[in-house]
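A.B. asks:
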Amino acid sequence: MNKKKLLQIMTETALTSTGNTFKNTYRFYDPPIIGFADADDQLFQEMKKDEIIGDIYRLPKEWLPEATTVISYFLPFTTEVRHSNHEPGLASIEWLHARFPGEEFNNQMRRIVIKELENAGGKALAPMLEPEMVIDYNIYASNWSERHAAYIAGLGTFSLNAALITEKGMSGRFGSVITNLKFDPTPRSYSHPFAHCPQTNDGKCGACIQRCPVNAITKEGKDKAKCHYYLFTDNPLQDTNKEFGYPYSACGKCQSNVPCESSIPGERFYPKSNS
Numbered sequence: 000m001n002k003k004k005l006l007q008i009m010t011e012t013a014l015t016s017t018g019n020t021f022k023n024t025y026r027f028y029d030p031p032i033i034g035f036a037d038a039d040d041q042l043f044q045e046m047k048k049d050e051i052i053g054d055i056y057r058l059p060k061e062w063l064p065e066a067t068t069v070i071s072y073f074l075p076f077t078t079e080v081r082h083s084n085h086e087p088g089l090a091s092i093e094w095l096h097a098r099f100p101g102e103e104f105n106n107q108m109r110r111i112v113i114k115e116l117e118n119a120g121g122k123a124l125a126p127m128l129e130p131e132m133v134i135d136y137n138i139y140a141s142n143w144s145e146r147h148a149a150y151i152a153g154l155g156t157f158s159l160n161a162a163l164i165t166e167k168g169m170s171g172r173f174g175s176v177i178t179n180l181k182f183d184p185t186p187r188s189y190s191h192p193f194a195h196c197p198q199t200n201d202g203k204c205g206a207c208i209q210r211c212p213v214n215a216i217t218k219e220g221k222d223k224a225k226c227h228y229y230l231f232t233d234n235p236l237q238d239t240n241k242e243f244g245y246p247y248s249a250c251g252k253c254q255s256n257v258p259c260e261s262s263i264p265g266e267r268f269y270p271k272s273n274s
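Straight run, no breaks: the sequence shown in numbering that gives the first Met the number 0 ends on number 274.
Printed below as a string of structure tokens:
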């Protein structure tokens with residue numbers, strides 16, 4: 000098993016699986032991008048700091064003692080899904096379906112990666128599929144973070160709205176698998192956790208602030224409690240959710256119709272010199 004073969008399998012799955020469609024109409028995701036991290040990377044240990052995630056966080060080897068590699072991937076939403084959510088107000092129906100059936104496909108992708116690694120003679124697991132996976136809504140943290148794994152695996156950096164900006168932007172879903180098979184780590188092309196976000200660097204954007212329907216994002220960051228209350232308690236799409244059996248609302252306004260929706264916005268804010 001090599002990186003190229005694994006990415007090829009994942010790409011074919013994204014392009015051909017009916018699970019990556021809403022009732023065989025539009026696709027939720029474009030093909031993924033993928034990154035690899037050493038399971039012993041010191042940044043994983045950093046996640047246990049209170050100011051990052053905290054003691055709730057489990058290291059890769061606390062999930063799989065033999066772990067050597069964390070494989071992280073990003074499934075970018077298709078143009079149809081992204082553009083459907085450009086208007087202000089409630090989340091589009093396409094975005095809502097991408098959040099729930101779309102995440103079921105993400106789970107399918109996790110299982111496919113696990114199967115391929117096992118077929119190659121390795122051990123593998125996806126923390127998000129494990130019964131030990133825990134989310135503590137008192138502190139809005141969990142014992143595994145797909146976004147932080149992606150950051151460590153070289154896929155991107157964080158944004159003001161607590162998403163992760165990759166070369167394909169932030170509009171999509173992340174997944175990860177831990178394995179005992181050895182892959183070379185993906186070099187991180189950035190020097191700090193917010194390198195791709197113009198607002199956190201120089202105050203030159205703030206588009207996501209204006210997009211939030213409940214003012215949960217300010218120049219200081221994201222109020223996770225306010226965001227959570229809107230999705231789970233206000234549940235503005237509850238009638239539609241009942242129709243389709245979805246547990247809570249989606250939103251995604253801060254990830255759509257913003258400069259970092261589908262790319263790294265840096266060049267737009269920091270044009271390259273002609274010299």
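Positions of the beta carbon are idealized from the N, C-alpha and C atoms, including for glycine.
Can you give me the Cβ contacts of ILE134 inside the same chain, cut-off strictly under 6 Å, excluding the 5 residues immediately before and after it?
C.D. replies: Cβ neighbours of ILE134 beyond the five flanking positions: SER141.
A.B. asks: Is it buried or exposed, TYR56, if we count other Cβ atoms within 10 angstroms and call 16 or more buried?
C.D. replies: Flag for TYR56 reads buried.
A.B. asks: At 4 residues or longer, and completely inside the region 231 to 263: list those alpha helix (DSSP H) runs for me, N to C.
C.D. replies: Runs of the alpha helix (DSSP H) inside the region 231 to 263: 237 to 243.
A.B. asks: Is GLY168 helix, strand or coil when you go by DSSP?
C.D. replies: GLY168: strand per DSSP, three-state reduction.
A.B. asks: Would you mind sorting ILE138 into buried or exposed? The rule is 16 or more other CB atoms within 10 Å of its CB.
C.D. replies: It counts as exposed.
A.B. asks: Out of THR78, GLY202 and TYR247, point me to the one whose CA is closest to PHE231's CA.
C.D. replies: Checked all of THR78, GLY202 and TYR247; the closest Cα to PHE231 is TYR247.
A.B. asks: Could you compute how far the alpha carbon of LEU124 sits from the alpha carbon of PRO235?
C.D. replies: If I take the Cα positions, the gap works out to 35 Å.
A.B. asks: Quick check on DSSP: helix, strand or coil for THR15?
C.D. replies: Helix.
A.B. asks: Candidates TYR150, ARG210 and ASN179: which alpha carbon is nearest ILE32's?
C.D. replies: If we check each option's Cα against that of ILE32, TYR150 comes out closest.
A.B. asks: Is GLY101 helix, strand or coil by DSSP?
C.D. replies: Three-state DSSP puts GLY101 in a helix.
A.B. asks: Using the Cβ count rule (16 or more neighbours within 10 Å means buried), how would you classify GLY120?
C.D. replies: With fewer than 16 other Cβ atoms within 10 Å, it is exposed.
A.B. asks: Looking only at C-alpha atoms, which of ASP201, GLY205, ARG81 and PRO192 sits nearest to ARG172?
C.D. replies: The residue with the shortest Cα to Cα distance from ARG172 is ARG81.
A.B. asks: Who are ASP37's beta bridge partners in DSSP?
C.D. replies: THR68, per the DSSP bridge assignment.
A.B. asks: Among residues of its own chain, excluding the 5 on either side of TYR189, which ones have a beta-carbon nearer than 6 Å to its beta-carbon?
C.D. replies: Only THR156 meet the Cβ criterion.
A.B. asks: Mapping the DSSP letters down to three states, classify ALA125 as helix, strand or coil.
C.D. replies: Coil.
A.B. asks: Taking the CB atoms as reference points, tell me whether GLY220 and ARG187 lie closer together than 8 Å.
C.D. replies: The answer is no: Cβ separation not under 8 Å.
A.B. asks: Under the three-state reduction of DSSP, which class applies to ASP49: helix, strand or coil?
C.D. replies: Residue state, collapsed to three classes: coil.
A.B. asks: Quick check on PRO258: buried or exposed, where buried means 16 or more other Cβ atoms within 10 Å of its Cβ?
C.D. replies: Buried, since its Cβ has 16 or more Cβ neighbours within 10 Å.
A.B. asks: Looking at the structure shown, is ILE55 part of a helix, part of a strand, or coil, going by DSSP?
C.D. replies: Here ILE55 sits in coil by DSSP.
A.B. asks: Straight-line CA distance for ILE177 to THR67?
C.D. replies: Their Cα atoms are separated by approximately 8 Å.
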